[in-house]
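One structure is given here, and the rest of the page talks about it.
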DNA sequence: CTGAAAGCGCTTACAG
DNA sequence: CTGAAAGCGCTTACAG
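Below, the structure is given as structure tokens:
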């Protein structure tokens, strides 16, 4: 079949011997057409290479089958993986992904305008934030919005996350059980809910058990983790247990520690968060907390589709559990 | 400014005291409007939160400011990086990215229909292939098509690549100069032009210098490289020089070799291709051939914009050079 | 430089 | 279940 330019419903109608409205109905889900005319129309469409013009369609329905996906950190493999899962899940439902990359933590106005002007069916924001003003725009246009792996600063939104607090408590218990007597938490960017929650859960348990700890502030990148690792060595402050706020940073820490001849897990135990593919590589074999991406994506998609069907604008926060993946660094 | 639903050019026209056509002209690049009315209209638009409806627009112009980007291997960090650069470059030009992920080597029909129905301004295909029939669809619709980092099987297309052949010749010369007397080439998926060209350039030089070599076939993944590395060790056939068709696979090879106590670069020298960020990590420090992503993206964008402006459908192949990045594995 | 009007390709009441 | 007709929000000749 060759899709030709300018083949319209009218052309198909003529060939099939029906009205243009009927052709439209055949391609519009939920409209009433008899099985017989449907077949006739479909055959004609196939012959002419017809596909409905999405723009004409959207002009009327005032909505597209496009989901805007806003992403910042493509350097952390976690996010490309998320992107892939979203693309797959939404494709199955007939939706496409408009990919918006933002360099800044806060999404810029022109990106928002793009999303709004293309009348996207919904917006997913992974590792960026939105100003309150902008979120009003989405609400005013009844465009559902989900924060993925990040809680919105304000109460009024919907987010899907791993239960970072609980996970980090588990991690603390696990490390204590493994015999760690002094610990370090290496944070990601401090303005992220993920980093703060992970710290909170971890620290609470340490305090309860009267375990000494120290916090290093880093930035969710490999380089950041590496630098922090070096710093600990230089300061002669390598503890027996380290919880790093994400895997990519943990790999940096691991690199620095190993380079300095610190034996892992004997001298120091390291645990990350995410369970990115790289963590499973035999050369890394990083113990970590798995974020169940597929489950998180499913939850997001489910909410999104419900909101697309009937907009409610409900806020809330879905938390999935994830699980500890024990490997050779502990 | 809050963008409100249903604010149309008509509303702006009324507020500004002009005709709807004039409002349209203000927002349509290249149309004639006096500076004075333009200001008036812009002020009214700002007040009402008006943005032109992209669909109504596209319905007439029969084109969008959307570029379709088809990508398969998001697990190789090279491609997320490419995605980011494209998103950035096109955003600057006012274009958005429709991200199409394909699981299969060959793009599926429904993905093509999506691209076609959304009347994308152009399509970029990174690591996937297209059937000849489908490319006809694009041609018939005068939609420019670029293969990025892959040459089309057929002659009739436009592609942007690193000069893999020349690069691989350099790599062979370099390894020979470093004293390697027997070599291995580890290929990526064999149906990719990149892997074949890299092999060809490499092998030609080795033959000229009468250097013994062996080829292993792998798949462009870390796991594939790791397995191949293990295999070489098991077969007791670790050579003094290894050229791996891409970095992520080279890291796998490196992992396997190091795990087996093979000292690098003393016993064996390893060189990759791409120069992904990870290769520069101190723990890896992989010597590699850099693909100049930014330059490749620029070339692609330039061709794309020219074709969008005036479609010619010319075929061709732009090859950029790249450069050797020497690190600790050689 | 600006306005009135036609029309892009659909969806969707409204009749029948 | 199907057709004729209105209309979504724009762009673009055509006049003036």
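Protein chains in written order, with the UniProt record's numbering: chain A, 1 to 330; chain B, 1 to 330. All C-beta atoms in this analysis are idealised placements derived from N, C-alpha and C, irrespective of residue type, glycine included.
{"Check": "Can you give me the C-alpha to C-alpha distance between residue 125 of chain A and residue 98 of chain A, rounded to a whole angstrom?", "Outcome": "12 Å"}
{"Check": "Would residue 212 of chain A and residue 173 of chain A qualify as a contact pair, given that the criterion is a beta-carbon distance under 9 Å?", "Outcome": "no"}
{"Check": "Closer than 8 Å by beta-carbon distance: list the chain B residues that pair up with residue 87 of chain A, in chain order.", "Outcome": "99, 100, 101"}
{"Check": "Which ranges does the beta strand (DSSP E) cover as unbroken runs of at least 3 residues, wholly within the region 61-126 of chain B, from first to last along the chain?", "Outcome": "66-71, 96-101, 122-125"}
{"Check": "Could you spell out where the alpha helix (DSSP H) holding residue 170 of chain B opens and where it closes?", "Outcome": "164-177"}
{"Check": "Tell me the DSSP secondary structure of residue 185 of chain A in three-state form.", "Outcome": "strand"}
{"Check": "Please name the residue or residues paired with residue 133 of chain A in a DSSP beta bridge.", "Outcome": "Paired residue(s): none; residue 133 of chain A is not in a bridge."}
{"Check": "Which residue or residues does DSSP assign as beta-bridge partners of residue 161 of chain A?", "Outcome": "A:319"}
{"Check": "Can you pull the DSSP bridge partners for residue 145 of chain A?", "Outcome": "A:123"}
{"Check": "Please name the residue in A:192, A:138, A:109 whose C-alpha comes closest to that of residue 127 of chain A.", "Outcome": "A:192"}
{"Check": "Hey, is residue 80 of chain A's beta-carbon within less than 9 Å of any beta-carbon in chain B?", "Outcome": "yes"}
{"Check": "Which chain A residues sit within Cβ distance under 8 Å of residue 259 of chain B?", "Outcome": "282, 283"}
{"Check": "Going straight from the alpha carbon of residue 40 of chain A to that of residue 7 of chain A, what length do you get?", "Outcome": "17 Å"}
{"Check": "In angstroms, rounded to a whole number, what distance separates the CA positions of residue 3 of chain B and residue 130 of chain A?", "Outcome": "With a pLDDT of only 41 at residue 3 of chain B, under 50, the local geometry of the prediction cannot be trusted, and the value read off the model is given with reservation. Spanning the two alpha carbons is a distance of roughly 15 Å."}
{"Check": "Among all the DSSP beta bridges, which residues are the ones paired with residue 324 of chain B?", "Outcome": "B:289"}
{"Check": "Under a CB-based cut-off of 9 Å, is residue 244 of chain A close to chain B?", "Outcome": "no"}
{"Check": "Would you verify that the beta carbon of residue 52 of chain B is, or is not, closer than 9 Å to some beta carbon of chain A?", "Outcome": "yes"}
{"Check": "So if DSSP puts residue 274 of chain A in a beta bridge, which residue, or which two residues, is it bridged to?", "Outcome": "A:290"}
{"Check": "In chain A, which residues lie with their C-beta within 7 Å of the C-beta of residue 353 of chain B?", "Outcome": "No answer is possible for residue 353 of chain B: the residues shown for chain B start at 1 and end at 330."}
{"Check": "Report the rounded CA-to-CA distance for residue 204 of chain B versus residue 219 of chain B, giving the unit in angstroms.", "Outcome": "22 Å"}
{"Check": "Using a beta-carbon distance below 9 Å, is residue 3 of chain B in contact with chain A?", "Outcome": "Residue placement at residue 3 of chain B is flagged as unreliable, the pLDDT there being 41, under the threshold of 50; a coordinate-derived value is accordingly withheld."}
{"Check": "Quick check on the DSSP output: the beta strand (DSSP E) that includes residue 213 of chain A runs from which residue to which?", "Outcome": "212-217"}
{"Check": "For the alpha helix (DSSP H) containing residue 253 of chain A, list its first residue and its last residue.", "Outcome": "247-259"}
{"Check": "Contact criterion: CB-CB distance below 9 Å. Does residue 220 of chain A meet it with respect to chain B?", "Outcome": "no"}
{"Check": "Which chain B residues are close to residue 121 of chain A, counting only those with a beta carbon under 9 Å from its beta carbon?", "Outcome": "Those do not exist, as residue 121 of chain A stays about 13 Å from chain B at its closest Cβ, beyond 9 Å."}
{"Check": "Based on Cα-Cα distance, which residue from B:156, B:116, B:93 lies nearest to residue 137 of chain B?", "Outcome": "B:116"}
{"Check": "Within this structure, are the beta carbons of residue 188 of chain A and residue 245 of chain A separated by less than 9 Å?", "Outcome": "yes"}
{"Check": "Report yes if the CB atom of residue 121 of chain B is closer than 9 Å to the CB atom of residue 52 of chain B, and no otherwise.", "Outcome": "no"}
{"Check": "According to DSSP, simplified to helix, strand and coil, what is residue 243 of chain B?", "Outcome": "strand"}
{"Check": "Closer than 6 Å by C-beta to residue 352 of chain A: which residues in its own chain qualify, once you throw out the five before and the five after it? Chain order, please.", "Outcome": "In the structure displayed, chain A extends from 1 to 330; residue 352 of chain A sits before or after that span and is not available."}
{"Check": "Is the Cβ-Cβ distance between residue 329 of chain B and residue 286 of chain B less than 9 Å?", "Outcome": "yes"}
{"Check": "Contact criterion: CB-CB distance below 9 Å. Does residue 188 of chain A meet it with respect to chain B?", "Outcome": "no"}
{"Check": "In this structure, how does DSSP classify residue 269 of chain B when only helix, strand and coil are distinguished?", "Outcome": "strand"}
{"Check": "Note down, in chain order, each residue of its chain lying with its Cβ closer than 6 Å to the Cβ of residue 239 of chain B, except the 5 sequence neighbours on either side.", "Outcome": "182, 183, 184"}
{"Check": "Among the candidates B:36, B:272, B:163, whose CA atom is the shortest distance from the CA of residue 251 of chain B?", "Outcome": "B:272"}
{"Check": "For a cutoff of 9 Å on Cβ pairs, would you count residue 158 of chain B as touching chain A?", "Outcome": "no"}
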